[in-house]
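Residue numbers (my numbering): -16 to 90.
One structure below.
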């Protein structure tokens, strides 16, 4: 084997040069692949954050809708009981401000 290496010095240098070139090109491919993977990971992280933000907005909207529904229900119950809710709701607009029981008593 020693003899083969000594006899083909020019050939060995050419092979070494080709190996160095191949390694350099492979290194570029690896760095491009790593860069692409990092970009993909960053995009995925952004998607996850946007999904979490959207989920929070939906939760907030549901909480607001639930609060508004409860306020309307409370207002309607107060109007039905004749106690008034103090919010100026639309409960008894057509009865002259009297509850149904008070309207029957006054007749």
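All C-beta atoms, glycine included, are put in the ideal place defined by N, C-alpha and C.
Is residue i buried or exposed, if buried means 16 or more other CB atoms sit within 10 Å of its CB?
i, result
"residue 62", "buried"
"residue -16", "Because residue -16 carries a pLDDT of 44, less than 50, the predicted location of this residue cannot be relied on, and the following value inherits that uncertainty. Residue -16 is exposed by the Cβ-count criterion."
Please confirm whether any heavy atom of the ligand ZN lies closer than 6 Å to the CB of residue i.
i, result
"residue 50", "Summarising the ligand content, the structure contains no ligands, and the ligand ZN is consequently not present."
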